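Worksheet: one structure, shown below.
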Amino acid sequence: MAEPPETTPMEALESPTPSSSYSSSYLKSQPIPSSTPSPLPSSMSRLWRPAAQRNLRNQWSKLASHRQQWASSSSSGKSHANSLVNAHLSQRYMPSLELGVLNDMPDIRKKACRKLCKQQERYRIKLLSSYKDMVAAVIQMVNACRSMRCYQTGTSNSTLVQFSNSAGDQNDTGDGGGVSVFVFLSISSHEKLAEELVQMFIMELNVKKLVSQSHQN
1 MAEPPETTPM EALESPTPSS SYSSSYLKSQ PIPSSTPSPL PSSMSRLWRP
51 AAQRNLRNQW SKLASHRQQW ASSSSSGKSH ANSLVNAHLS QRYMPSLELG
101 VLNDMPDIRK KACRKLCKQQ ERYRIKLLSS YKDMVAAVIQ MVNACRSMRC
151 YQTGTSNSTL VQFSNSAGDQ NDTGDGGGVS VFVFLSISSH EKLAEELVQM
201 FIMELNVKKL VSQSHQN
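Numbering (the UniProt record's numbering), first residue to last: 1 to 217.
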């Protein structure tokens, strides 16, 4: 989709969608469901636990994949930010820069400044693109964090028992009544660990945004 012609890269950084504040508010607006201890029947628990384990592995795998995407985008963003700062400093000190034999060329400083301005614009756009990629990765992390529960689908007296990470019954908390999934860790424990991890990325994203805005100012 084409960007609006009047929107500068840094203005786009402040746009509400997507943004790190959206990720943070999305995470806060969906608190971890409180589960009332109601253990599953042993027969159902034996069916539920393998499904819950598979789902947890999938969600943690997604978190790891999105973390790799974050790392790649963050590295690219750092490179673009360094280039942007270098171009900005070169333009800033151009009037006092010793050009040697090039000093006799007509309008050499003006031409150099125009070229540096274009470079800065390109690096701003690339930096914005990296920032958006990081936001997208964080949003996907939040989604994975919110998909760790395993719910039974269909009726309880059905001969075919299936499970999903989407709630179908309001009475089903999706955590197996608080039973352990892996060794001694319940689904709630996994959710809390994942949420702490995602919060770290959200906070770092906010810091990157503030640093970018301070440079613009």
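For glycine and all other residues, C-beta sits at the position ideal for the given N, C-alpha and C. Since the model is a prediction, treat every value here as computed from it, not as a measurement.
Length of the line joining the Cα atoms of residue i and residue j
i       : j       : result
His-80  : Asn-143 : 28 Å
Ser-35  : His-190 : The predicted position of Ser-35 is uncertain, since its pLDDT is 46 and thus under 50; no value can be drawn from it.
Leu-127 : Gly-77  : 5 Å
His-66  : Val-138 : 7 Å
Arg-122 : Met-134 : 19 Å
Glu-204 : Leu-63  : 16 Å
Phe-163 : Asp-172 : 11 Å
Met-105 : Glu-98  : 13 Å
Met-200 : Thr-153 : 34 Å
Leu-116 : Ala-136 : 30 Å
Asn-103 : Gln-213 : 35 Å
Ser-188 : Ile-125 : 40 Å
Met-94  : Ile-202 : 38 Å
Lys-209 : Ser-42  : 50 Å
Asn-206 : Gln-59  : 24 Å
Beta-carbon spacing of residue i, residue j below 8 Å
i       : j       : result
Cys-150 : Asn-82  : no
Arg-57  : Gly-176 : no
Ala-52  : Val-181 : yes
Gln-120 : Leu-89  : no
Buried versus exposed, by CB contacts within 10 Å (16 or more), residue i
i       : result
Arg-92  : exposed
Arg-46  : exposed
Met-141 : buried
Gly-174 : buried
Thr-17  : Per-residue confidence for Thr-17 stands at a pLDDT of 39, beneath the threshold of 50, marking its modelled position as unreliable; no derived number is given.
Phe-184 : exposed
Gln-68  : exposed
Val-211 : exposed
Arg-114 : exposed
Lys-118 : exposed
Ser-130 : buried
Val-198 : buried
Below-8 Å beta-carbon distance, residue i vs any chain C residue
i       : result
Ser-189 : Of the chains in the structure shown, none is chain C; there is only one protein chain.
Are the segment 189–198 and the segment 128–145 touching, with three or more C-beta to C-beta distances below 8 Å?
-> yes
Ranges of the beta strand (DSSP E) found wholly within the segment 94–128, counting only runs of at least 3 | none
Pair every Cβ in the segment 61–74 with every Cβ in the segment 100–112, then say whether three or more of these pairs are closer than 8 Å.
-> no
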